[in-house]
Amino acid sequence: MNLDQLAAEAGMQGLMKIIIELFSITVAWFVIQEVRFDLFLRKPGSPKARILQIMLAVIIGHLFASFLFLYGQWSNALRWLVE
19 MNLDQLAAEA GMQGLMKIII ELFSITVAWF VIQEVRFDLF LRKPGSPKAR ILQIMLAVII
79 GHLFASFLFL YGQWSNALRW LVE
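Just so we're aligned: the sequence shown equals residues 19 to 101 in my numbering.
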């Protein structure tokens, strides 16, 4: 494998990580919309409440994407058990 192939592989891997991360954050955002924040917050429609929802979506989405990345790495590592 030459340097150009390694660079292309790293670029594709980075692109896939970005796509999975954004997809996970989007899914988390839609799930968070079902939470009744009016039970926890004084003003659930305020800008501060929206920022909290965005922050929660980013945190949960990032954690889920990290799990997916690690799961992929672990699954890939299982190949070496068989060989």
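Built from N, CA and C at the ideal position, the CB exists for glycine as well.
Whole angstroms is fine: what's the gap from E90's alpha carbon to L21's?
-> For the purposes of this step, residue 90 is taken as the residue at position 72 of the sequence shown. For the purposes of this step, residue 21 is taken as the residue at position 3 of the sequence shown. The residue you asked about is not Glu; residue 90 is Gly in the sequence shown. Looking at the two C-alpha atoms, the distance is approximately 24 Å.
Between I37, A75, Q31 and Q23, which lies nearest to Q51 when the distance is taken from Cα to Cα?
-> Along the sequence shown, one-based indexing puts residue 51 at 33. When each option's Cα is compared against that of Q51, the closest is A75.
Among residues of its own chain, excluding the 5 on either side of F82, which ones have a beta-carbon nearer than 7 Å to its beta-carbon?
-> In the sequence shown, residue 82 corresponds to position 64, counting from 1. Within the same chain, F82 has close Cβ partners S42 and A46.
Integer Cβ distance of P65 from D56, believed to fall under 8 Å = Counted from its first residue, the sequence shown places residue 65 at position 47. Counted from its first residue, the sequence shown places residue 56 at position 38. That pair is no contact at about 16 Å.
Are L86 and I38 close, meaning C-beta to C-beta below 8 Å?
-> If you number the sequence shown from 1, residue 86 lands on position 68. If you number the sequence shown from 1, residue 38 lands on position 20. Going by C-beta atoms, L86 is nearer than 8 Å to I38.
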